[in-house]
Amino acid sequence: MQFQFLSAIVSTNNETIGNPMSDRQVILRTESLSASFENKKILNDINLEISKRNIMAIIGPSGCGKSTLLRCINRMHELIYGSTLSGRIYFENKNIYDKSVDPILLRRRIGLVFQKPNPFPSMSIKDNVLSGLWLTQKINKKTDSDHLVENALQQAVLWDEVKDRLDDSSLSLSGGQQQRLCIARALASKPDVLLLDEPCSSLDPIATQRIESLLLSLKNTYTIVIVTHNMRQAARISNTTAFLLSGRLIEYGETTHIFTSPQETQTEDYLSGHFD
Ligand SMILES: Nc1ncnc2c1ncn2[C@@H]1O[C@H](COP(=O)(O)OP(=O)(O)O)[C@@H](O)[C@H]1O
Ligand SMILES: [Mg+2]
-15 MQFQFLSAIV STNNETIGNP MSDRQVILRT ESLSASFENK KILNDINLEI
35 SKRNIMAIIG PSGCGKSTLL RCINRMHELI YGSTLSGRIY FENKNIYDKS
85 VDPILLRRRI GLVFQKPNPF PSMSIKDNVL SGLWLTQKIN KKTDSDHLVE
135 NALQQAVLWD EVKDRLDDSS LSLSGGQQQR LCIARALASK PDVLLLDEPC
185 SSLDPIATQR IESLLLSLKN TYTIVIVTHN MRQAARISNT TAFLLSGRLI
235 EYGETTHIFT SPQETQTEDY LSGHFD
């Protein structure tokens, strides 16, 4: 039975991760968050807390609003024609929808990595890493940029594979390498939060395993929120899990609790594979 199998993964995982939510400081909090496209409500009254230096998995069937939630958190939802939003999202206790918040600077602190690796095709590997900074930060000295590039690629565990070909096109990389390049591009902006929208969905198991160990190595420095359809992945890497269904947050909490003793029958049904 899938549910029991996942429970087994998560209990092993808990020994290595084991950071109770209660010990952790909240970095992001949504309050009565609702979002719509053209009057169609997509997210409905979401109240969610995300702890600092933690991996939160967001799970739920296709179309339940997972990507929309990530886009609300880094203010990309508002870029879509016909979108509206109500409620508040506090990032370090400041509402990110406050007039005084510059969305471009906010997106540097809350980076979003998309499902399909999207490096800039006409740019080299090195320029891809730096591209997020060009908008918001002057980089003059070559030594500064060399250092930034190496640092971000080291953190994304891609440096050894690309250090001798930094000027090659980003398209010369494999899918898994391109996704790590996109993570390096987000890390170069020195974010506090990394949002990842199904980052492994187009990757093979070996590339997926690399991204998973990369995320585990980053979780002591960054707050990570990962949307995944892979329940085993959620069980393997996350400390906390949030379950969305039809635009509503059904429940969230420590992954161990969600996967072994969910409070809501809808969560149990989803984890047991009763509906997609
Ligand atoms: N740009 C858009 N315009 C209109 N509707 C959209 C747009 N993007 C997503 N939606 C709709 O919003 C709902 C939630 O989508 P999404 O957040 O992408 O779900 P998920 O990531 O969970 O699959 C779906 O019904 C989808 O059709
Ligand atoms: Mg999605």
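All residue numbers for the sequence shown refer to our numbering, where the first residue is -15 and numbers rise by one. The beta carbon of each residue, even a glycine, is placed where N, CA and C say it ideally should be.
Proximity of residue i and residue j at Cβ, strictly below 8 angstroms
i	j	result
glycine 116	alanine 170	yes
arginine 302	arginine 59	Residue coverage of the chain in this structure runs from -15 to 260, which leaves residue 302 outside it and unanswerable.
glycine 231	glycine 49	yes
glycine 159	alanine 191	yes
threonine 52	isoleucine 80	no
isoleucine 34	threonine 207	yes
isoleucine 109	arginine 164	no
glutamate 196	glutamine 99	no
threonine 239	threonine 251	no
leucine 178	glycine 95	yes
leucine 114	valine 133	yes
glycine 44	phenylalanine 227	yes
aspartate 29	serine 20	no
Status (buried if at least 16 other CB within 10 Å, exposed otherwise) for residue i
i	result
valine 266	Residue 266 cannot be examined here, being either before or after the span of the chain that is shown, -15 to 260.
serine 61	Looking at the sequence shown, residue 61 is not serine but histidine. Flag for histidine 61 reads buried.
proline 189	exposed
proline 105	exposed
serine 154	buried
asparagine 77	exposed
threonine 212	buried
glutamine 162	buried
serine 245	exposed
arginine 216	exposed
Limits of the beta strand (DSSP E) - the one that residue i falls within
i	result
valine 113	Unbroken run through valine 113 is the alpha helix (DSSP H), 109 to 118; no beta strand (DSSP E).
glutamate 238	232 to 238
aspartate 253	Element bounds for aspartate 253: not the beta strand (DSSP E) but the alpha helix (DSSP H), 249 to 255.
aspartate 29	24 to 35
valine 177	177 to 181
arginine 282	With the chain covering only -15 through 260, there is no way to say anything about residue 282.
alanine 41	39 to 43
Alpha helix (DSSP H) segment containing residue i, residue limits
i	result
valine 273	Residue 273 lies beyond the stretch modelled for the chain, which goes from -15 to 260, so this question has no answer here.
alanine 170	159 to 172
Closer than 8 angstroms to chain C by CB, residue i
i	result
leucine 89	Chain labels in this structure do not include chain C; a single protein chain is all it has.
Query - Nearest-residue set for ligand 1, Cβ under 5 angstroms from any heavy atom - result: Phe21, Ile26, Ser46, Gly47, Cys48, Gly49, Lys50, Ser51, Thr52 and Ile64
**Report entry** Secondary structure, alpha helix (DSSP H): runs of 4+ residues fully inside the stretch 54 to 113
**Finding:** 87 to 93
Note to self: Please give me, in chain order, every unbroken run of the beta strand (DSSP E) with length at least 3 that falls completely inside the stretch 190 to 230.
What the structure shows: 207 to 211 and 224 to 229
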